[in-house]
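In this note's numbering, the protein residues as written are 740 to 1193. Cβ coordinates follow ideal geometry from the N, Cα and C atoms, glycine included. Values in this document were obtained by computation on a predicted structure and should not be read as measured data.
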C-alpha cells in the first residue's frame, strides 16, 4: 500500500484528494511565481489527531509535507516545491474559547484573521495584527510568517500576542510550547522560534493569543503631498516627536493613480504621495496628537488634511489601502512585491534610492506600505520577458535595505523568492546555526523543504 492509499484509509477519502483538478487548485499562491507547483496529494485535516496521522505516514515514507493556510503568501511559502503532501488547514477553522477574564483567545490555525478580530471585539477586546489580506489569511499563517500590518507601528506583530502553541512535529509527536500566562521564563522561548518559521519546523494546530482592551476612540486622516520625499520626512518627524500613531501608511503617485477610483474624490489630481494616518486612545489625547501631526504636515507642505467622518468612511479608506496591490495588478502589468524594512529615520533616504533605481533600470516602482514602522512595499511593474530586469531591481533593493541597517523582508517572509538574497543580511555562521535548529526538529528534511534557508 502506498502512502496516498494509507492517507485515504486512515483519514477517510473525504479528507484526501489526489485528483489533478484538486491539486491544481492549490498549486499557486499570491506571490506571482509563474511555475505550477503540483502537490502529489492534498489533505484537509479536521483535528490535531488527523495531522498526527498525516505526519506519521509521511515520516514513515520520507514524503515531503507542506502546510497551507489560505495561500495568501507573497513569497511562495506554501508551494510544494518537492511535491508530496499539501496539508490545507481550511477545515480547522474554529475558535475554541474566548476568555474575557484573562484577555485571551484559543483558536485553530484555519480561522480567518478578520473573523477572529470581529468575534473578540464583541466582547470588548482587540487583536491588533492586521495584514492587508486579513479577510482571507489565517491565524496559523500569521504565526508562521509573524504577520504584521499597519497597526504594527503601535501594537506590534503576531509574536507579541503569542502565548501558547500546540505543534505536531514532523514525526507525528505532539508538543506544547509556551504557557497561558502573561509571564513565563522556564526554558527557551520556543513559541517565538515557531513564529516566522514558515512551516519548516512543524504543524501549528492550536494557538493561544493574548488580547488587549478595545480602543474606544479612533481618528483617521488622509494627507496628500506634491512631493514624495517631503511626505516621507513627515513619517520620520512624527516618530522623532515621540508620537506613536496606530498606523502611518505611505502611498506614492503610481499607487494613487492605480487606486484613484477607490480613493476619496477630493484627493488632488496632482498629488504625488498620500499619508494615511490613524490615531486611537482617549479622545483628548488623540485630538492633541492630531494637532501636532497637522503642524508637522503643514511644515512639509501638505496639500490638505482630510479627516474621516465616521466608521464607514474610515473602513472605505482602509479597504482602498488593502486593495492597492490588486489595483496595481489591474493595470495589466505583472507585479512583483518586495517588502524591505529600514530604520524609520532613514525612510527619506530609502525612498530616494528606490526612485534612483527606477530611473536607472526603467521599470515602474510603485511604493506603498507601513512607513511608520519602516516597512515599505516596493511593487515592481513589468511585462513578460523583463524577468532579468526584475531580478536586478530585487537585488538592488535588498542591497539598499542592508546598507541602511535594515532587513530584506519585514513581514512577507523568505519563502522561495528571498532565499537567494538571505546571505546579504546573515552570515554563513548564522545560517548554519539555523540549519542546525531545523535539523533538530526535522532530521529527515521533509517539513516544507526548499524554503526559508538556502
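Considered as a whole, the region 1090-1146 harbours 1126-1142 as its complete alpha helix (DSSP H) runs of no fewer than 4 residues, in chain order. Under the DSSP assignment, residue 942 falls in the beta strand (DSSP E) whose first and last residues are 942-949. In the DSSP assignment, residue 906 is bridged to 914, 943. Residue burial is scored here from C-beta neighbours: residue 799 has fewer than 16 other C-beta atoms within 10 angstroms and is therefore classed as exposed. With fewer than 16 other Cβ atoms inside 10 Å of its own Cβ, residue 914 counts as exposed. CA-CA distance, residue 830 to residue 1085, rounds to 44 Å.
Measuring C-alpha to C-alpha distances from residue 1079 to each of 920, 855, 1147, 753 identifies 1147 as the nearest. DSSP, read as helix, strand or coil, puts residue 956 in strand. The three-state reading of DSSP puts residue 815 in coil, since its state is none of H, G, I, E or B. The bridge partners DSSP lists for residue 989 are 1014, 1108. In the DSSP secondary-structure assignment, residue 1020 is bridged to 956. The Cβ atoms of residue 1158 and residue 937 do not sit closer than 7 Å to each other. Taking the Cα positions, residue 1183 is about 11 Å away from residue 940. Just so you know, the alpha carbons of residue 748 and residue 740 end up roughly 10 Å apart. Contact annotation: residue 899 and residue 972 have beta-carbon atoms that are not nearer than 7 Å. In the DSSP assignment, residue 806 falls within the unbroken beta strand (DSSP E) covering 804-807.
For residue 1148, the three-state secondary structure derived from DSSP is coil. In this structure, the beta-carbon distance from residue 864 to residue 948 does not fall below 7 Å.
Nearest in C-alpha terms to residue 1037, of all of 1025, 791, 970, is 970. Fewer than three pairs of CB atoms, one per stretch, sit closer than 8 Å, so the region 1002-1020 makes no contact with the region 1064-1082. Inter-segment contact for the region 1044-1061 and the region 1121-1133 is absent: fewer than three beta-carbon pairs are separated by less than 8 Å.
Of the candidates 1164, 1110, 882, 1164 places its Cα closest to the Cα of residue 1142. In this structure, residue 942 sits near residue 806, with a CB-CB distance shorter than 7 Å. Check the Cα spacing between residue 985 and each of 808, 894, 1062: the tightest is with 894. With a cutoff of 7 Å on beta-carbon distance, residue 976 and residue 1090 are scored as not near each other. Below 8 Å, too few C-beta pairs join the region 951-962 and the region 904-913 to call them touching: fewer than three. Contact between residue 1111 and residue 896 is ruled out by a C-beta separation of about 13 Å, above the 8 Å threshold.
Under the DSSP assignment, residue 1170 falls in the alpha helix (DSSP H) whose first and last residues are 1167-1180. One Cα belongs to residue 1160, the other to residue 851, and the distance between them is close to 31 Å.
In the DSSP annotation of this structure, the continuous segment of the beta strand (DSSP E) that includes residue 827 starts and ends at 824-827. Taking residue 992 as reference, the option from 1013, 954, 754 with the minimal CA-CA separation is 1013. In the DSSP assignment, residue 1054 falls within the unbroken alpha helix (DSSP H) covering 1050-1061. Just so you know, the alpha carbons of residue 1003 and residue 780 end up roughly 46 Å apart. Between the alpha carbons of residue 999 and residue 745 lies a gap of roughly 53 Å. Across the set 810, 1170, 964, the C-alpha of 810 shows the shortest separation from the C-alpha of residue 767. According to the DSSP secondary-structure assignment, residue 852 is paired through a beta bridge with no residue.
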